[in-house]
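Note that the sequence shown covers residues 3 to 253 in the numbering used here.
Yeah, the Cβ is synthetic: ideal placement off N, Cα and C, and Gly gets one too.
To keep things clear, I will list the structure first and then write my remarks on it.
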Amino acid sequence: AMKVFALSLSILVIFSFSMTSARASEVLEVSARLPQFPLIGDQAPGFEAESTDGKIDFPKDYIGKWVILFSHPADFTPVCTSEFVMFGSVAHEFKKLNTELLGLSIGEIKKHHEWKRSIKDKIEFQGIKNQEIPFPIIADTDQEIAWRYGMLHPTVSDTRTVRAVFVVDPKGVIRAMNYYPPEVGRNISEIKRLVIALQTSDAYQVATPANWQPGEDVLVKPDDQRSQDKNCQEWYFCFQQLDKSKLVLPY
């Protein structure tokens, strides 16, 4: 009886180990297919790539500047076209914020250039026409950058990126990121607001509340000794108005 029990136990252990190994292999296989992406506070993964403005060494070429690195699913598509018209129309506003725009898709350089010409020559959106695209578009034809930044979501598509946005600071650190599905266009004004909020927080060591707009009151810590004129509604909820005469940001 003991021999039968020992044999049964051995079979059970072997079976359990086999099931565990198979499950582990399955998990590893699934994990390998999942997109990998950096987190807020991480150094932006470096890469070299060809773009419509020539070769780019990122983030090395942009040290000292803020960068909006954003992906779009494909050239010659309606939502992407509307976004590029709007990004192009406010590129000069981002420049005033020491911020560069850097687009990316899996498309080829030739297609990027053809699409840019088509936008300039034929597209009008929200009263904007003849719009130049004054920033580089990366041709990530081997998908290497897209995978590195988690821009490819296999359940959506394994050949087109989602609408990813990464805000990278002058030190090459990722400060914010968001993802939109292919069918929803991004709010370019919100991306600009996000950059200004981050720059304001860095410059004055403050936080910005919900729906904050540039120039409005900011949040400060109750024990912040620098804030002599703060307005506290409760001990944990304190506002302060920034001295607009000392602001260096282009509000």
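- Excluding the 5 residues flanking it on each side, N100 has same chain C-beta neighbours closer than 7 angstroms at K67, W68, in chain order.
- For M179, there is no enclosing alpha helix (DSSP H); the residue is found in the beta strand (DSSP E) stretching over 176-182.
- Bounds of the alpha helix (DSSP H) holding E95 are 93-98.
- For I190, the enclosing alpha helix (DSSP H) stretches over residues 190-206.
- Taken in chain order, the complete beta strand (DSSP E) segments of 3 residues or longer contained in the region 43-77 are 49-53, 56-60, 68-73.
- Annotation for F49: F60, I147 place their beta carbon closer than 6 angstroms to its own, counting only its chain and skipping 5 residues before and after.
- Residue environment for F137: buried (at least 16 other C-beta atoms within 10 angstroms of its C-beta).
- Between I198 and P216, the C-beta gap is smaller than 7 angstroms, which places the two residues in contact.
- Checking the DSSP bridge columns, you'll see G105 partnered with F72, I139.
- Restricting attention to Y182, S120, H114, S107, the CA atom closest to the CA of W149 is found in S107.
- Judged by their CB atoms, V222 and Q243 are not nearer to each other than the 7 angstroms cut-off.
- In this structure, G187 places its C-beta atom within 7 angstroms of the C-beta atom of E85.
- Listed as beta-bridge partners of Q242 by DSSP are V220.
- Pairing I135 with D44 gives a Cβ-Cβ distance that is not under 7 angstroms.
- Comparing alpha-carbon positions, the option among V220, I58, W214 lying closest to Y206 turns out to be V220.
- With contacts defined by Cβ atoms closer than 7 angstroms, Q38 and G152 form a contacting pair.
- Per the coordinates, the alpha-carbon of E102 lies some 34 angstroms from the alpha-carbon of K232.
- F168 counts as buried, since at least 16 other C-beta atoms from the protein chains shown sit within 10 angstroms of its C-beta.
- Residue range 146-150 is occupied by the alpha helix (DSSP H) that includes E146.
- A straight line joining the alpha-carbon of K124 with that of V208 spans about 45 angstroms.
- Nearest neighbour of A76 by Cα position, chosen from S53, H94, T163, turns out to be T163.
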